[in-house]
Amino acid sequence: MRFVLNPIMVSLLGGVVLTAASASVLAEVYEKIDLTLGAAGGPASIGVDDQVVFQGTYTGGAVTLGAGQTFTANGSRISAEGERVYGIGSSGANATVDLTNTSINVTQTNGLSSQGAINLTGSNSQLRMKDTDVVSHDDKAPAIRIGNTGKAEISGGTVYGEGNSLVNVGSNAQLVVTGSTFTHNPAQSKNALNLGSGSSMALSDVTFTTAGGFGGVGGNSTVTIDNSTLRSYSGGLWGATGATVSISDSDIYIGDESIKGSNTGRPSSTGIQVGGSTMSLTNSTVQLDGSNGGQIFKVDRAGDDLTLKKVNVKDVGAAKGNTAIGVWVVDNGTVRLEDVNLDVGRAGIDMRQGEIFAERLNITTAKNGVAAHGIYVEGNPAWAGTPGVDQAVFHGKDITVHTQAGGAVGMYVLTRGGAVLDVAANTENVNILTEGASSHGVYMVDGVDVGTPKLDMKGTTNIVTKGNGAIGVYLRDDPLFTFETLNIRTEGENADGIRLSNAANSGNTWARTMDGMSIQSAKASALRATNVGVDLTITNSDIRGRQLFTLDGAETSVTSSTLTSKNSTLVGNLQLRDGAKVSSFVLDDKSRWVGGVDNDDTSSVGTVALQNNSTWLMTRSSEVDKVVNKDGYLLFQPDLTENFKTLRVNEYEGGGHLAMSVYLEGDGSGSDRLLIGDNGSVTGTTELHILNVRGPGGKTTQGIPLVLGGAGAIIPEDAFTLSAQSSGYRPSTETISANGFEYSLVGEDKDGTNKHQWYLRSSVNVPPDPGPGPGPGPDPDPDPEDDHENLSPEGPAYLAAHRASLSLFTHSFHEREINQQGLAAGERKVWGRAVVRTDKKMGFKHYDDVDAKVTSSMFQFGGDVWGKHFETSELRTGLMAGMGHIEAKSTSEFINPGDISKRATLRAKDKRTGYNIGAYATYQDNAVTREGWFVDGVLQFTHYRGKLSGELGTMRHNNDLWQVVAEAGYGLKYAPESTLLITPKAQLIYSRLSGDEGEVQGTSYGAQHKNTVQSRLGVRLEAAPGSLDLAVRPFMELAWIHRFRDPAIAVGDNRFQAKDARNAGEVQVGLDAALSNSTMLSARFIREQGSGATYGMSGMVNLNYKW
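Counted the way this note's numbering counts, the sequence shown spans residues -6 to 1100.
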């Protein structure tokens, strides 16, 4: 029906009158258009600003079409309001609606789910919408409904609805949407899409928002979504049998609370359900904030096919405790994952049946996750999916798994219950990181009698676990596990690297070859087997743990285990419990084991064999039945806490190397020990490497035990030799030098039965030489045995040179001043002196078999720099400098404790060069007659550069010596006319020696006393100046020298004193000669005699010149 607006209606409606010079055009308003009535029903096309305004009840809608009819609207507005009404509707076939820049607004009550705001239910109907907005207000009716075989093409614009669905498409119909925005706001958890079977939907550049769910895809239908954004609250998207769903470059967010609106339902528990379809997602993101325990992707029907490529999947709800599985496969479907990231609160992949192919897959599960495994493969389909014999198989390449929750396993493969399903996982290049307690890297369980879980890890597999009880690879009840290159690091307590555990011991052994493997278990066993034996060959690997290998379990004694290592490093103890047995442990091809045997009374190790330059560094006392060491290295680990170790064996086949630590001191000193059991034996000849662990050295009588045999044990006399690699080894005597003492390896024949015990000894009892008796034959009462100690020669040389360095530049006033006439007022002088000296018998106190000889020379010169002359007295000061050389040579007699006929003389020497500077000051009562008092003071500094050398090596050392000398004397004549001048005098010398301590082969050398004081009391006898007209005047001095401390050195922790050094007498005789009025020359001979055999002789020449 058509009607014309009058002016009153125009003003009431707010219309606009358009006036033009040529024409006047007015918009049309229609109550209803019904094309089934023919021309009387209204136009088939309306234009800009035309309106259809319908109100009614059960009377249809604003625009009605019949079969084959077409309706077009451009820039128009169509509205309908009432009970069960529609905006545009047709039930006839082949109806066509073409809308451009038009708005459709329908508000109805008591609507039907089968009647939409645009409701084209006839077959082959066509809907074309461009930049058109559709609004439907009803809690049941969809916004758009297209019947079977129909087609809707929507470009731009918006679609809004509140019904049970937003878009309803019939069977074999088509929906094509580009650049549009769809919004669905149902009051309940309803789905936005309802696609019939055989239909197709293509969304491109679409924003689709629903407070309900996206909805289902009809069977055999096709859905394509590209570059779109899909957001829902209470439901996801699911396919149907035979359907094809393809999503690319899109963002999907399911469970978004920000769009919940008035929906009172719960968020979705499932994101995308394949539902029997073939579904693919590419370059997209999928997020789920769902109910706890849901799945983001659900594959639960036979024939499901899911492909994800370059997809990021996130469980948003995990942060709130609503955790979900990433990909859930519980039926015989196929899943392909390529360049996929799964960030979820439960398992990244949970499969119970079907097959998954994954490449470049990254899985992260949340710290608060539940059963948040990385990859879970279980062969138990009875409770879900299709029961049968189909496989559950995971194929993965370049996989990364990171789990954070407790009990969250990186890769979990198992069978259980009554399943007969084959379970397998095949991987290549996997990285697994777990952080929670009991979160194993790989966990396999064979829980059924039929069907065996299999895991084959090719390429490189890296596993890191950080939690307590988080095992790297945990295999229970004999699952089939194979690998190529496996790297495991565990950080928690009780977190073994690889653990094998059987409920019962069937008598089988777990036989494997492990090549190129790395295991680092900081606080647990690298390998552990419970109730199962192993036969392991480890090649080219590095395996380390608090324990290397633990064998335990109530039935572990049923089987015996063997270990073979080739070119590998093994660290940790063999820990054996509950009757466990290791029949052989072979280290071959330069393998290295750092550890020991930790066994209870019921467990044992048979043979440990070291082959082809392999090494066992024994870190704890151990017991094995047999050691074969023909060309290897058995090293007792050094321990500076003196925690020495014992190796107990019944048989020892030698020929290789054995290294032991010893605290070298006296009898009873601590040492590592090799104990041969009762009736045991030693064969071959083994080199003993001895390491001194801070032992101070000392005298032994019995010696320090190294190898001891039990009752009936046979240890040949050539079983052991001392290695040249021992610390402090001296080749000439085959001894060990330790802090001044020489230790020999001695094999002692026990009871004359060829059962040798082996000791280290530093002393020997030398039987006395009977010598000739009073009658024929030897002396019947020879001296008792001489207890000879073998001392190193380096110490005596160092001490002798040290002793000489204290006195090299020391001198008295008269050794510097030889001017008989004194100095007149204003006169000055320069002087020089040269000394050559030899000291002998300068060995150690209490050790007569040690001797040292010192030769020294020096030249010192100086001159007065200032003087003050009084009537008869004078005060003069001067400077001096000098250079000197010391060479000390020592000898020590060595007697072999094992064979006293073997003797040698050990030699060493210490050379030092000294550089001296100093100053002096002298006061004399009478510088001419020398009668009365004189006082002399000296301050000097000497720097020594030295080198101690001997058979053991060389030690360079530097020393600084400060000396303060004070001397006073009184010259007198016993009668005024006497020609003899007698000068009693006393001198006090303070010395401070500091500088380097050095070391040679582990033995250090240094001065014992840094500060020393020496006194000198004596008298000088000479011709009184001016009393005799002699060109050459004789003199003599007598002195007693006293050192308040014995000169001593520290050799390691030992202190050695100089022989006969504290007190000595000295005699000087010489001549003073006047070469001219200004030049005088003096020469003297000096002899110093110690309180014992020590003595020294020197010659000195002095030259003075005055002007």
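Think of the CB as a built atom: it goes at the ideal place given N, C-alpha and C, for glycine as much as any other residue. The structure displayed is predicted, hence computed values, not measured ones.
With distances taken Cα to Cα, identify the nearest neighbour of residue 888 among 541, 975, 785 and 973. Residue 888 has its Cα closest to that of 785, out of 541, 975, 785 and 973.
For residue 260, the three-state DSSP class (helix, strand or coil): Coil.
Neighbourhood of residue 451 by C-beta distance below 6 Å, restricted to the same chain and skipping five residues each side: So the qualifying residues of the chain are 421 and 477.
Reference residue 194; option with closest CA among 1095, 497, 161 and 1073: Of the listed residues, the one whose Cα sits closest to residue 194 is 161.
Boundaries (first-last residue) of the beta strand (DSSP E) holding residue 967: Where residue 967 is concerned, there is no enclosing beta strand (DSSP E), because DSSP gives it neither an H nor an E.
Cβ pair residue 836, residue 901 closer than 9 Å: Result no, Cβ atoms of residue 836 and residue 901 do not sit closer than 9 Å.
Helix, strand or coil, according to DSSP, for residue 316 in the structure here? It is coil, neither helix nor strand.
Whole-angstrom distance between residue 738 and residue 722, CA atom to CA atom: Put simply, the backbone Cα of residue 722 is about 11 Å away from that of residue 738.
Quick check on residue 637: buried or exposed, where buried means 16 or more other Cβ atoms within 10 Å of its Cβ? So residue 637 ends up on the buried side.
Counting beta carbon pairs with one atom in the stretch 888 to 897 and one in the stretch 923 to 942, are three or more of them shorter than 8 Å? These segments do not touch.
According to the Cβ coordinates, are residue 273 and residue 301 closer than 9 Å? Pairing residue 273 with residue 301 gives a Cβ-Cβ distance under 9 Å.
Decide if the stretch 994 to 1002 is in contact with the stretch 953 to 968; the criterion is three or more beta carbon pairs, one per stretch, under 8 Å apart. Output reads no: the stretch 953 to 968 does not touch the stretch 994 to 1002.
Is the CB-CB distance between residue 424 and residue 455 below 9 Å? Cβ atoms of residue 424 and residue 455: closer than 9 Å.
Chain-order list of residues whose beta-carbon lies under 8 Å from that of residue 605 (same chain, five-residue window excluded): Its chain contains 581, 582, 583, 624 and 625 as the residues whose beta carbon lies nearer than 8 Å to that of residue 605, once the 5 sequence neighbours on both sides are disregarded; these appear in chain order.
Whole-angstrom C-beta distance between residue 691 and residue 734, which should lie under 8 Å: Rounded to whole angstroms, the Cβ separation of residue 734 and residue 691 is 6 Å, and the two are in contact under 8 Å.
Please give me, in chain order, every unbroken run of the beta strand (DSSP E) with length at least 3 that falls completely inside the stretch 465 to 534. Every unbroken stretch of the beta strand (DSSP E) spanning 3 or more residues and falling wholly within the stretch 465 to 534 is given here in chain order: 466 to 469, 473 to 483, 491 to 494, 502 to 508, 511 to 523 and 526 to 532.
What does the Cβ neighbour count give for residue 1029, buried or exposed, with the cut at 16 atoms within 10 Å? Exposed is the call here.
With burial defined as no fewer than 16 other Cβ atoms inside 10 Å of the residue's Cβ, what is the status of residue 1093: buried or exposed? Per the 10 Å Cβ criterion, buried.
Please work out which residues of its chain come closer than 7 Å, Cβ to Cβ, to residue 314, disregarding the five sequence neighbours upstream and downstream, and give them in chain order. For residue 314, where only same-chain residues beyond five positions count, the Cβ hits under 7 Å are 285 and 361.
Taking 6 Å as the limit between beta carbons, can you name the residues of its chain near residue 196, skipping five residues before and five after? So the list reads 170, 218 and 221, once near-sequence residues are dropped.
Taking the alpha carbon of residue 179 as the reference point, which residue from 199, 114 and 208 has its own alpha carbon closest? Nearest to residue 179 by C-alpha distance, out of 199, 114 and 208, is 208.
Should residue 472 be labelled buried (16 or more other beta-carbon atoms within 10 Å of its own) or exposed? Around the beta-carbon of residue 472, 16 or more other beta-carbon atoms lie within 10 Å, marking it buried.
Look at the alpha carbon of residue 446 and the alpha carbon of residue 177, and state the distance between them as a whole number of angstroms. Near 47 Å, if we compare the C-alpha coordinates of residue 177 and residue 446.
Residue 76 to residue 133, Cα distance in whole Å? Distance between the alpha carbons of residue 76 and residue 133: 12 Å.
For residue 937, the first and last residue of its enclosing alpha helix (DSSP H): Element bounds for residue 937: not the alpha helix (DSSP H) but the beta strand (DSSP E), 925 to 943.
Secondary structure of residue 550, DSSP reduced to three states: Residue 550 falls in the helix class under three-state DSSP.
What residues are listed by DSSP as bridge partners for residue 1157? Since the first and last residues shown for the chain are -6 and 1100, residue 1157 lies out of range.
Beta-carbon separation (whole angstroms), residue 660 vs residue 693, contact threshold 8 Å: So it is a contact: roughly 5 Å between Cβ atoms.
Find the nearest neighbour of residue 140 within the set 123, 97, 187 and 157, judged by alpha-carbon distance. That would be 187, whose Cα lies nearest to the Cα of residue 140.
Where does residue 267 sit, in a helix, a strand or coil, going by DSSP? In this structure, residue 267 counts as coil in the three-state DSSP scheme.
Residue 1076, DSSP secondary structure in three states: Residue 1076: strand per DSSP, three-state reduction.
Could you check whether the Cβ of residue 396 sits closer than 8 Å to any heavy atom belonging to the ligand MN? Among the components of this structure there are no ligands whatsoever, and the ligand MN is therefore not found.
Does the distance from the CB of residue 78 to the CB of residue 97 come in under 9 Å? No, the pair does not count as a contact, with Cβ atoms beyond the cut-off.
Which of helix, strand or coil does DSSP assign to residue 791? Per DSSP, reduced to three states, the secondary structure at residue 791 is helical.
Would the stretch 671 to 689 and the stretch 985 to 994 be scored as touching if the rule is three or more Cβ pairs under 8 Å? Cβ pair count under 8 Å is below three, so no.
Would you mind giving the Cβ-Cβ distance between residue 619 and residue 643, rounded to the nearest angstrom? I have them listed as a contact below 8 Å. About 6 Å; that satisfies the 8 Å criterion.
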